[in-house]
Structures are given as structure tokens and as C-alpha cells.
Amino acid sequence: MRLPESAHTSRPWRIHEIAGDFRVEDVWELPTPGGPDDLALLVDQFARGEGDPVASPVGRALFAVRRRLGALLGWDDPADGVGGRVPSLRDRLPADLREGPRGPDPASVPFTSVFLTHDEWAAETANRTVHGVLHIGWVPDGAGGYHGRMTVLVKPNGRLGSLYMLGIKPFRYLGVYPALIRGIERDWREGAAARRSGRPVEPPRA
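In this text, residue positions in the sequence shown follow the working numbering: the first is 1284, and each later residue adds one.
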């Protein structure tokens, strides 16, 4: 499910014009088959906290360690977040994106939505170590369907940020990403089954 960097950079995403000084850290194909207009459903699933990696035992342990380290070393002071140490990427948006839908903020992780289009959503987070972007694109699968593609973009804060990203890399691949993608797939399938059966599904938020 992991893809090369070019799977993101070769697409005509709007995020390129906004976060050109960020580097591509990871690109993942998401097991979320759907139609051309279904990105909003996936974004809403993220925003409700479904597919949350903290729901797994490994994820809970990793995030607990990260929170303790952050508290001990002062990495997560609000002054080091978006609007503090770094300005929000919303300040860079062209007029059409600024005036369009912003998208919902995720409930279970400290990200803030930046913009939402028909086929693209971006949310950001920042602390003393890094300014990061979670980007979800909605791409054709070559067989008439569509699915999500998740990219993590980062801008490390100097040497500390570079060392931090290097240090957490094995934990992301061993614990966080596998749990996250399994959860996304499970909840997407459950949501699709509910829609097919006509059971009530919470509508996407603007």
C-alpha cells in the first residue's frame, strides 16, 4: 500500500502551490473504493475519529510515550503550534480556496483543516519539532472507480525536527500506519454497507 513519492508529486494537487517548501514523507494508497464524489465521506470519517490508530494497543502505547516525551521536553506548548511558532497554511491560500469549504477538524488528533475541494483535503499540525500536513486525495483506480491516497508532508524544525522524524520512523511503519490503514478500511467498509442497506449514516460535515 505504500507508494513512491512521485505518486503524490505527479498529481496536479492544489497543495503543491501551498506547501511547496514541505517534503513528502510518506504516500499510502487507501483501501477505500468508491465513486467520483465520495471524498467528503472519507474526510468525514477521518474527522469523526474512525480508523484512529490510537484505538490499537500498539498505537495507544506509542502515542502515550509521545505525549509523555512532549510534556517532559516541552515539545507541545501551544506557543509552538499553528498560529504560534508557525503561521497557518490558510494564510497562503489563494482566494478560491480561502472562500471555499474548509473541511472539518479531526476529533482524535491535533490537526486543523486547511481546505477541502471535490478531490482533495489538507489538514495541518505543528509543535516544536515539525510542521506537518495530512493530505488526502481522491484518485481514479483505472477501472472506473476511485479511492483515497494519503500523503504526509513535513517541514522539520531544524536539527531537532530532523532527528525527531528519523527517530519515530520505525514506529510509524511498525505501529501507527498499519493500525491506521486497517481502521480506515474497516470503517469504510462498514459505512459502505450501511449506505447500501439504507441504514442511517451520519451526514458529512461542511
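For each residue, glycine too, the CB sits at the ideal point set by N, CA and C.
{"Asked": "By the DSSP assignment, the alpha helix (DSSP H) with A1258 in it spans what residues?", "Found": "An answer regarding residue 1258 cannot be provided, because it is not within the stretch 1284 to 1489 covered by the chain."}
{"Asked": "In three-state DSSP terms, what is V1326?", "Found": "helix"}
{"Asked": "With DSSP as the reference, label H1401 as helix, strand or coil.", "Found": "coil"}
{"Asked": "At a threshold of 7 Å, does P1384 count as lining the ligand MN (C-beta to nearest heavy atom)?", "Found": "The ligand MN is absent from the structure shown, which contains no ligand whatsoever."}
{"Asked": "For G1366 and V1416, what's the separation of their Cα atoms in angstroms?", "Found": "14 Å"}
{"Asked": "Assuming W1421 contacts Q1328 (C-beta within less than 8 Å), just tell me the rounded distance between them.", "Found": "Wrong, their Cβ atoms sit about 13 Å apart, outside the cutoff."}
{"Asked": "What did DSSP end up calling E1382 once you bin it into helix, strand or coil?", "Found": "helix"}
{"Asked": "From the DSSP output, read off the bridge partner residues of D1309.", "Found": "V1435"}
{"Asked": "DSSP on T1395, reduced to helix/strand/coil?", "Found": "strand"}
{"Asked": "Short check: CB of T1434 to CB of H1291, under 8 Å?", "Found": "yes"}
{"Asked": "Hey, how far is the Cα of R1442 from the Cα of L1322?", "Found": "36 Å"}
{"Asked": "Only counting the same chain, and skipping five residues up and downstream in sequence, which positions put a Cβ closer than 6 Å to that of G1444?", "Found": "T1412, V1413"}
{"Asked": "Let's see if you can read the secondary structure: which residues bound the alpha helix (DSSP H) around L1457?", "Found": "Careful: L1457 lies outside any alpha helix (DSSP H) and carries neither H nor E."}
{"Asked": "Can you tell me whether Y1429 is buried or exposed, with buried defined as 16 or more other CB within 10 angstroms of its CB?", "Found": "buried"}
{"Asked": "Kindly list the residues whose CB is nearer than 6 Å to the CB of E1468, restricted to its own chain and excluding five residues on each side of it in sequence; keep chain order.", "Found": "P1314"}
{"Asked": "Return the CA-CA distance between P1387 and G1450, expressed in angstroms with no decimal places.", "Found": "30 Å"}
{"Asked": "Using the beta-carbon count (16 or more within 10 Å), is Y1447 buried or exposed?", "Found": "buried"}
{"Asked": "What number of angstroms, rounded off, separates the C-alpha of L1436 from the C-alpha of A1477?", "Found": "33 Å"}
{"Asked": "Count the other C-beta atoms from every protein chain shown that fall within 10 angstroms of the C-beta of E1407, then say buried if there are 16 or more, exposed otherwise.", "Found": "buried"}
{"Asked": "Tell me which same chain residues have a C-beta within less than 6 Å of the C-beta of P1389, skipping the five on either side of it?", "Found": "F1329, A1330"}
{"Asked": "Just tell me which of V1307, H1401, W1296, S1391 has its CA closest to the CA of L1286.", "Found": "V1307"}
{"Asked": "Between the beta-carbon of R1479 and the beta-carbon of V1310, is there less than 8 Å?", "Found": "no"}
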